[in-house]
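Novice: Numbering follows the working numbering, in which position 82 of the sequence shown is assigned residue number 95; successive positions increment by one, without gaps. Note that beta-carbon positions come from the ideal geometry of N, C-alpha and C, so glycine has one too.
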Amino acid sequence: MLTPDEIAKLIVNALDNKKAQDIKLLRTYNLTVLADYFVICTANSTTQLKTLSDEVERILKEKDEMPLRREGHRSGGWVLIDYGCVVVHLFLQETREFYTLERLWGDAENIEISGIIK
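1) What first and last residue would you give for the beta strand (DSSP E) that runs through Y50?
2) Check the DSSP bridge columns for D95 and list the partner residues they point to.
3) Provide the residue span of the beta strand (DSSP E) that contains L39, from first to last.
4) Go ahead and pull the three-state DSSP assignment for N123.
5) Can K22 and I94 be called in contact, C-beta distance under 8 Å?
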């Protein structure tokens, strides 16, 4: 079983490898019981949104980590993948701008990902 830190790092790398834009890693464990981390990124198209979602699930499945739930696969603008300790938010640009999760969770610690990305 992976730690929340390990899961978050795997997700960030999977998203970066598939060219996700504006990846943010927010540490939320001291703000909410929902998750220790939120990972937020932008996809350039619905095709890339699906690719990002599939890649995150594939990478974590290889480590025997299965999502608790998935939301938004059919809606097209926002996909949420919940791993319990880490929640992944994959957006199209206009949907991300509308919901502004970074502002909503503005008290969360924004983790610099440059040291995480391989």
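Specialist: In terms of the structure at hand:
1) Y50 to A56
2) R82 and V100
3) Unbroken beta strand (DSSP E) run through L39: Q34 to R40.
4) strand
5) No, the Cβ-Cβ distance between K22 and I94 is not below 8 Å.
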